[in-house]
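Reviewing the structure listed below.
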Amino acid sequence: MRLLPVVVTGLLTLAFAYYVYIPLPDAIQEPWKLMMMDAGFRATMHLASLKAWLGFDHYITSIRQSMDGFDGMVKRSESGAGVMPGVKVSDVTFAGVPVRVYEPPAGGEGHLRRGLMYLHGGGWALGSAKKGSHDAINRMLSDELNTVVVSVEYRLYPEVHFPVPYLDCLAAAKHFLSPEVLARYAVDPERVAVAGDSAGGNLAAAVSQEISTDDTMSVKFSVQALIYPVLQALDFNTPSYLQNQYVPILYRTLMVRFWLQYLGADLNLESQFIANNHSSLHHSKITPELRARLDWTVLLSPKHKKSYKPVIVEKGSEGVLKAVPGLLDVRAAPLLAGPEVLAKCPRAYILTCENDVLRDDGLMYARRLQDAGVTVTSEHYEDGFHGCLSFIAWPFEFDVGKRAVRGYFDWLKNNL
Ligand SMILES: *[C@@H]1O[C@H](CO)[C@@H](O)[C@H](O)[C@H]1NC(C)=O
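Read in order, the letters of the sequence shown correspond to residues 1 to 416 in the UniProt record's numbering.
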């Protein structure tokens, strides 16, 4: 009779270990912490799918609720990330778009501050300017760099899809860059940045391109900071997509799902996209010129190409470009912009992580901006993983996240 509890405990332990354990690249520091966190995210996703299947909430709604729960566990003390008593925080609207503004203490008459517009990540479906690490980092940035930060609460999937999030960010950016608004916040028009992480990096790059080429704008962004940005949806078989397809927390299937949702596409196209069938050679709209803009065999260094081979499909799926026009829209995929557009873009900081499916999106954009004559700082974290900048406070605290935040701040200090 004594044996039963032992056997049950043993089996439960095995099941738990089986759920939590995933093989990780050797470069990842603190692997068990990442595994536990990833298991938490996977459990959240599974639960959300189950609830959606049972007819409760949209699965995104359930994930948002769980993320708020996780955020409630995070310790944000005076000594840690987040609380900056000197920074004034206000929730207002810019051109009708909700934004959260962080203002450092005024520096006296005639003293101008830096400005920064921030676009948060979360696959165009999750996250908020007002919550979690995005809020904490923007408070710290405002305080430490004497910067007026405007963090945009753009609308998300499933409520909207492309181009609405982009248009929200663009409208807020144009409003912020107007001379009257800059003056009201005592921001130096020569020192305004646009920044974002992940899907927010995508929006930051796209908005930056549009503003740079808009002759009606008298003030433009002076720098752009892109943190592991998403920049293209035509090749889901870049070396980094292949190398990191099972690396937490952004699995390749999840990134493809985020794209399908953002572009308002049929979610059943997932396997076609993963096979690169949506960008097969028979699509004449994807010209050789366009393909060259994301040709990683040319744009990546041998160190990152390794021995991976391009996945180029002859025939693939018909009609997909008509059904999902966003695939070829530079406002959704800024890596597709031509060199004449890139040449006008501001100086750039591009942060990439080795253990991230999006590594090559960022590396290729860095290279193409450089080729177009733009000064680029390409900062690469060998032990970084997607989302690491969000994990800087206990219990979701990673050394690489803290180093990466420091690197981003330092670059802004010296370049903005
Ligand atoms: C991709 O397209 C080919 C036709 O070129 C087809 O045979 C294959 O089944 C498709 N793959 C997927 C995953 O749909």
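Even for Gly, the Cβ is constructed at its ideal location relative to N, Cα and C.
Query raised in the report: Where does Ile286 fall in DSSP's three states?
Result: coil
Requested in this report: Using the Cα positions of Gly356 and Gly384, report the straight-line distance between them to the nearest angstrom.
Outcome: Note on residue identity: the sequence assigns Asp, not Gly, to residue 356. Distance between the alpha carbons of Asp356 and Gly384 is about 8 Å.
**Report entry** For Asn244, the three-state DSSP class (helix, strand or coil)
**Finding:** coil
Report task. Return the residue from the list His111, His304, Pro339, Asn146 that minimises the CA-CA distance to Leu290. Result -> For the residues His111, His304, Pro339, Asn146, the minimum Cα distance to Leu290 belongs to Pro339.
Query raised in the report: When we look at the beta-carbon of Ile312 and count the other beta-carbons within 10 Å, is it buried (16 or more) or exposed?
Result: Exposure of Ile312 is indicated by the presence of fewer than 16 other C-beta atoms within 10 angstroms of its C-beta.
Report task. Grab me the residues of Ser90's own chain with a C-beta within less than 8 Å of its C-beta, minus the 5 sequence neighbours each way, in chain order. Result -> Only Arg100, Val101, Glu103 meet the Cβ criterion.
Requested in this report: Could you tell me if residue 423 is buried or exposed, where buried requires 16 or more neighbouring beta carbons within 10 angstroms of its beta carbon?
Outcome: For the chain, the structure presents residues 1 to 416; residue 423 sits outside this window and is missing.
Requested in this report: For ligand 1, enumerate in chain order all residues having a CB closer than 5 Å to any of its heavy atoms.
Outcome: Ser271, Gln272, Ala275, Asn277, Lys315, Gly316
Query - Reduced DSSP secondary structure (H/G/I, E/B, other) of Glu210 - result: Helix at Glu210.
Report task. Could you check what DSSP says for Met84 in three-state terms: helix, strand or coil? Result -> Met84 falls in the coil class under three-state DSSP.
Query raised in the report: Just the Cα atoms here: how many angstroms apart are His58 and Ser49?
Result: His58 and Ser49: Cα-Cα distance of roughly 8 Å.
Query raised in the report: Where does the unbroken beta strand (DSSP E) through Pro105 begin, and where does it stop?
Result: Neither: Pro105 is in no beta strand (DSSP E) and is coded neither H nor E.
**Report entry** Sub-9 Å separation of Pro346 and Ser212 beta-carbons
**Finding:** yes
Query raised in the report: Should Val192 go down as buried or exposed, given a rule of 16 or more other Cβ atoms within 10 Å for buried?
Result: With 16 or more Cβ atoms within 10 Å of its Cβ, Val192 is classed as buried.
**Report entry** Euclidean distance between Cα positions of Lys285 and Glu270
**Finding:** 21 Å
Query raised in the report: According to the Cβ coordinates, are Val207 and Leu119 closer than 9 Å?
Result: yes
Query raised in the report: How many angstroms separate the CA atom of Val416 from the CA atom of Ser222?
Result: The amino acid occupying residue 416 in the given sequence is Leu; Val does not appear at that position. Between the C-alpha atoms of Leu416 and Ser222 there is a straight-line separation of about 7 Å.
Query raised in the report: Should Glu78 go down as buried or exposed, given a rule of 16 or more other Cβ atoms within 10 Å for buried?
Result: Its pLDDT being 43, under 50, Glu78 is placed unreliably by the model, and nothing is read from it.
**Report entry** Same chain only: Cβ atoms within 8 Å of Trp32, ignoring 5 sequence neighbours per side
**Finding:** none
Query raised in the report: For the stretch 359-370 against the stretch 223-242, are there 3 or more C-beta pairs whose distance is under 8 Å?
Result: yes
Report task. Check Val149 in the structure and name its three-state DSSP category. Result -> Per DSSP, reduced to three states, the secondary structure at Val149 is strand.
**Report entry** Test item: CB-CB of Arg184 and Asp168 under 9 Å
**Finding:** no
Query raised in the report: Going by C-alpha distance, which of Ala343, Phe41, Thr44, Gly10 is nearest Gln209?
Result: Ala343
Query raised in the report: On the three-state DSSP scale, how would you describe Asp168?
Result: helix
Query raised in the report: Where does the unbroken beta strand (DSSP E) through Val7 begin, and where does it stop?
Result: Element bounds for Val7: not the beta strand (DSSP E) but the alpha helix (DSSP H), 3-20.
**Report entry** beta strand (DSSP E) segment containing Gly338, residue limits
**Finding:** Note, Gly338: premise wrong, no beta strand (DSSP E); not H, not E.
Query raised in the report: Going along the chain, which residues of its own chain have a beta-carbon closer than 7 Å to the beta-carbon of Lys315, five neighbours each way excluded?
Result: For Lys315, where only same-chain residues beyond five positions count, the Cβ hits under 7 Å are Ser280, His282.
Report task. Quick one: residues in its chain with C-beta nearer than 6 Å to the C-beta of Ser66, no 5 flanking neighbours on either side, listed in chain order? Result -> Thr44
**Report entry** Cβ distance (whole Å) where Arg368 is taken to contact Arg293 below 8 Å
**Finding:** 7 Å
Query raised in the report: When we look at the beta-carbon of Gln224 and count the other beta-carbons within 10 Å, is it buried (16 or more) or exposed?
Result: When all chains shown are included, Gln224 counts as buried.
Query raised in the report: How is Glu78 classed by DSSP in three states: helix, strand or coil?
Result: Low confidence applies to Glu78: its pLDDT is 43, below 50, so where it sits in the model is not reliable, and the reading given next is rough at best. Looking at Glu78 - three-state DSSP - the assignment turns out to be coil, as it is neither helix nor strand.
Query raised in the report: Alpha carbon to alpha carbon, how far is Glu382 from Ala52?
Result: Cα-Cα distance, rounded: 37 Å.
Query - His46 (DSSP reduced to helix, strand or coil) - result: helix
Query - Which residues DSSP lists as bridging Ala193, in chain order - result: Per DSSP, Leu116, Val223.
Requested in this report: Report the option in Phe162, Glu30, Lys305 whose CA atom is closest to the CA atom of Phe391.
Outcome: Glu30
Query raised in the report: What is the rounded straight-line gap between the Cα of Ala204 and the Cα of Val97?
Result: 16 Å
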